[in-house]
Amino acid sequence: MYRYDEIDQKLVDERVVQFRDQTKRFLAGKLSEDEFRALRLRNGLYIQRYAPMLRIAIPYGLLSTKQLRKLAQITDKYDRGYGHFSTRQNLQLNWPKLERVPDILAELATVQMHAIQTSGNSFRNITTDHFAGVAQDEIVDSFVWCEIIRQWSTFHPEFSYLPRKFKFAVNGAKSDRAAVAVHDIGLHAVKDAKGEVGFRVLVGGGLGRTPAIGFVIRDFLPWRHLLTYIEAILRVYNRYGRRDNIHKARIKILVKERGPEKFREEVDAEWAHLKDGAATLVPEEIARIEGRFTRPNYLRLPATDARFEAALATDRAFANWHKRNVHPHKKAGYAAVTLSLKKTGVPPGDVTVEQMEKIADLADRYSFGELRVSHEQNLIFADVQLSDLHLLWQDVRALGFATPNVGLLTNIICCPGGDFCSLANAKSIPVAEAIQQRFDDLDYLHDIGEIDVNISGCMNACGHHHVGHIGILGVDKSGEEWYQIEIGGNQGEIRPGRGASLGKVIGPSFARAEVPDVIEKLIECYLARRDSEAERFIDVVHRVGAEPFKESVYGNADQRAAHRRGQLASA
Amino acid sequence: MATLIKERRIVADSWHLLERGPKGELPEVPARGDVVVPLALWLERRDGLLSRAETGTLGVWLDANDGPEALAADVRSFPLIAVNFPKFGDGRGYSIARLLRERYGFKGELRAIGDVLHDHLFFMYQCGFDAFALREDQDPQEALSAFNTFSDGYQASVLRPVPLFRRRLVAGKS
Numbered sequence: 008m009y010r011y012d013e014i015d016q017k018l019v020d021e022r023v024v025q026f027r028d029q030t031k032r033f034l035a036g037k038l039s040e041d042e043f044r045a046l047r048l049r050n051g052l053y054i055q056r057y058a059p060m061l062r063i064a065i066p067y068g069l070l071s072t073k074q075l076r077k078l079a080q081i082t083d084k085y086d087r088g089y090g091h092f093s094t095r096q097n098l099q100l101n102w103p104k105l106e107r108v109p110d111i112l113a114e115l116a117t118v119q120m121h122a123i124q125t126s127g128n129s130f131r132n133i134t135t136d137h138f139a140g141v142a143q144d145e146i147v148d149s150f151v152w153c154e155i156i157r158q159w160s161t162f163h164p165e166f167s168y169l170p171r172k173f174k175f176a177v178n179g180a181k182s183d184r185a186a187v188a189v190h191d192i193g194l195h196a197v198k199d200a201k202g203e204v205g206f207r208v209l210v211g212g213g214l215g216r217t218p219a220i221g222f223v224i225r226d227f228l229p230w231r232h233l234l235t236y237i238e239a240i241l242r243v244y245n246r247y248g249r250r251d252n253i254h255k256a257r258i259k260i261l262v263k264e265r266g267p268e269k270f271r272e273e274v275d276a277e278w279a280h281l282k283d284g285a286a287t288l289v290p291e292e293i294a295r296i297e298g299r300f301t302r303p304n305y306l307r308l309p310a311t312d313a314r315f316e317a318a319l320a321t322d323r324a325f326a327n328w329h330k331r332n333v334h335p336h337k338k339a340g341y342a343a344v345t346l347s348l349k350k351t352g353v354p355p356g357d358v359t360v361e362q363m364e365k366i367a368d369l370a371d372r373y374s375f376g377e378l379r380v381s382h383e384q385n386l387i388f389a390d391v392q393l394s395d396l397h398l399l400w401q402d403v404r405a406l407g408f409a410t411p412n413v414g415l416l417t418n419i420i421c422c423p424g425g426d427f428c429s430l431a432n433a434k435s436i437p438v439a440e441a442i443q444q445r446f447d448d449l450d451y452l453h454d455i456g457e458i459d460v461n462i463s464g465c466m467n468a469c470g471h472h473h474v475g476h477i478g479i480l481g482v483d484k485s486g487e488e489w490y491q492i493e494i495g496g497n498q499g500e501i502r503p504g505r506g507a508s509l510g511k512v513i514g515p516s517f518a519r520a521e522v523p524d525v526i527e528k529l530i531e532c533y534l535a536r537r538d539s540e541a542e543r544f545i546d547v548v549h550r551v552g553a554e555p556f557k558e559s560v561y562g563n564a565d566q567r568a569a570h571r572r573g574q575l576a577s578a
Numbered sequence: 044m045a046t047l048i049k050e051r052r053i054v055a056d057s058w059h060l061l062e063r064g065p066k067g068e069l070p071e072v073p074a075r076g077d078v079v080v081p082l083a084l085w086l087e088r089r090d091g092l093l094s095r096a097e098t099g100t101l102g103v104w105l106d107a108n109d110g111p112e113a114l115a116a117d118v119r120s121f122p123l124i125a126v127n128f129p130k131f132g133d134g135r136g137y138s139i140a141r142l143l144r145e146r147y148g149f150k151g152e153l154r155a156i157g158d159v160l161h162d163h164l165f166f167m168y169q170c171g172f173d174a175f176a177l178r179e180d181q182d183p184q185e186a187l188s189a190f191n192t193f194s195d196g197y198q199a200s201v202l203r204p205v206p207l208f209r210r211r212l213v214a215g216k217s
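Chains as they are written, first to last, in the working numbering: chain A, 8 to 578; chain B, 44 to 217.
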């Protein structure tokens, strides 16, 4: 955990005072709805379908158990007993009262937390690889860089009223587990021939209504120049990003309208003024930030553990869980563990107060009192001893978080959808549940292998449907809920050779009840065509193209044409 | 009349802001008085107006989509430059202010005009504005408290040209 110094703490405390005053003035009628809206949103406060929604920042997804217990307390005291972990690695509460929000923020500040810039047209919570600091393929510890950028972006006086929201991701390992290509800015750490750390900088990616893969504006940005270069990008965006149309205001539109080369020239021209200025980073600052992170006090352990190996050999359920939910660690004798929040029948990402408290107890016992929230809406214990895995598994299973489905079809990313969100066109949680019910056979799930199924309840794409290998989008057709299916999306280069891509719609949309059948047909089509178990669904889609999949769902081209003619005739 | 806050005090305002006419035509410049003219007018009649700027009775105002680059050569001639915020959520003026101060070295009064609200003063101040023509419905006394919202900031700004991390390092060494 990064530990605040006095100044970090003071700024967060001052934010609470500021928001308390703003809320007071709003309730006294001194601030209009519109003006207060812009202010409350940058404190994560939405007015939702049934009640306000408060989005609490979990910077780069890292949480201490002390913080989690506080979140549990807050959820219990101000909400209805459960919270929702989001794809931005935040926690959302769906029922707080507006006038109590300043009190919630004050409580958060006591554990070095806040809701700063979790919404609004601002620089949002930075996301990263949930295996930062422990991954075997680590290049840098991305938490350190996230914290540097967090500080730079917090209350930035020039960039607090951007044309639109701004999402930033940092990946510090060889595999991209942070989906850097679908962010307004994505950084991918690299080392040059001399071993110096730098970043490949991508800009203009994003999901939402106009999905786009970011373009590489710079192959290698030496780390010292990180802040001045970001400042140059943000300044070009702040000045020239469109403000006349909310749907064209993201940086990806500016990049598209200018053209990537022209955009790069403009950024470089701006950077020429800022480069080597006061914001140029120095090694002492990197060391200072690193030094403010608590580090697990690892034991020197052998690479294997006999008890663990024995349990693996004899306990099939444990072995299944291990296969999917336990991940390699850079320290010998340790592993990282995913607690799946994707149990069938529970909205993805939802956790009750009791569960939060129990998770905190487990993290204290097994993982140095820290945990992470992944953008796939699961929780991670990053530092578990191999010898503890079997015990931990039993404890986690008792809580309902041991569903061995990480990376599998039922590990669905899903937004809150029409059950909660006022933007949604359709419900998403019941769709996730119906799919999970259809694919409840674990052997079959393992046989299907790795696949991302992502569901969004509207084109704002909070469920990241564009980068699901199968993406499902809720659409509104004259007041009815329908679902469009995409295939071929990929969040990033998790496996070498398969970079980020956007899914393409396979055809006309479906009623909710039909969705599980469609998924099943797509899966059968995949299974019939794969070379081997190593070839994933997404690989087959890219190898054979979409046509066989369309055929499996809608019939062949002739049948589809006949169907369309029939529809036209009856219309 | 909008209340003017300058250097964190409520002060009287002698400046008249000249705006385009209803058909977009440029305004006439009165012979006397302190006037602030639109950028387009300045660019069209620069040579005739320069001496008036230099004697301290003519300023210029930029709209959010105007570029401060247009004033680069003349910036030191003006006693006052104003930047318009057409809507409080429009953040372009913050960049314009920093550029005028940091890149072009403007030392005169930098005034925020338009949709200038209590809750935006702090960041405007950090970006180099020192005068604020508050929107009419704002409570000027309450608004004065906005300058104390935060006791520090992480970034380099006009008000604090050295970013916090460098100041922390110096403090850490001493």
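Quick reminder that beta carbons are idealized off the backbone N, C-alpha and C, glycines included. Computed from a predicted model, the values in this text were never measured in an experiment.
Below-7 Å beta-carbon distance, residue i vs any chain B residue
i        : result
THR30/A  : no
LYS17/A  : yes
ARG246/A : yes
ILE253/A : no
PRO164/A : yes
ALA286/A : yes
GLU292/A : yes
ALA25/A  : Correcting the residue identity first, residue 25/A is Gln in this sequence and not Ala. Closer than 7 Å: yes.
ARG1/A   : Residue coverage of chain A in this structure runs from 8 to 578, which leaves residue 1/A outside it and unanswerable.
ILE156/A : no
ILE133/A : no
GLU264/A : no
GLU40/A  : no
GLU21/A  : yes
Backbone secondary structure at residue i - three-state DSSP
i        : result
TYR168/A : coil
TRP102/A : coil
MET120/A : coil
CYS421/A : strand
HIS91/A  : strand
ASN245/A : helix
ILE387/A : strand
PRO81/B  : strand
GLU68/B  : coil
ASP357/A : strand
VAL126/B : strand
Any C-beta of chain C under 7 Å from that of residue i
i        : result
ALA186/B : Protein chains in the displayed structure are A and B, and chain C is not among them.
Contacts that residue i makes with chain A (C-beta to C-beta distance below 9 Å)
i        : result
ASP109/B : What ASP109/B touches in chain A: nothing, since even the nearest Cβ is about 11 Å away.
ARG211/B : ASP12, ILE14, GLU292, ARG295
C-beta contact flag for residue i and residue j at 7 Å
i        : j        : result
ALA294/A : VAL141/A : no
ILE240/A : VAL197/A : no
LEU34/A  : SER126/A : no
HIS137/A : ARG379/A : yes
LYS174/A : ASP191/A : yes
Any chain A beta carbon closer than 7 Å to residue i
i        : result
SER138/B : yes
GLN169/B : yes
THR192/B : yes
PHE172/B : no
PRO206/B : yes
PHE166/B : yes
ARG141/B : yes
LEU86/B  : no
Where residue i meets chain B, residues with beta-carbon distance less than 7 Å
i        : result
THR125/A : Correct list: empty, because the minimum Cβ distance to chain B is about 17 Å.
TRP159/A : TYR197, GLN198
Residues that residue i contacts on chain B, provided the C-beta gap is smaller than 9 Å
i        : result
ALA45/A  : PHE131, GLY132, ASP162
LEU169/A : GLY134
ASN128/A : GLY132, GLY134
Chain A residues whose Cβ lies nearer than 8 Å to that of residue i
i       : result
ARG51/B : Correct list: empty, because the minimum Cβ distance to chain A is about 16 Å.
Handout entry: Start-end ranges of the beta strand (DSSP E) lying completely within the stretch 154–178 of chain B, minimum 3 residues
Key = Complete beta strand (DSSP E) runs here, min 3: 174–176.
Practice task
Return the chain-ordered ranges of every alpha helix (DSSP H) run that is complete within the stretch 151–235 of chain A and spans a minimum of 4 residues.
Solution key: Taking only runs of at least 4 residues, no alpha helix (DSSP H) segment lies wholly in the stretch 151–235 of chain A.
Practice task
Identify every run of the alpha helix (DSSP H) within the stretch 460–547 of chain A, keeping only runs that are complete inside it and at least 4 residues long; order them along the chain.
Solution key: As far as the stretch 460–547 of chain A is concerned, its whole alpha helix (DSSP H) runs of at least 4 residues are 522–536.
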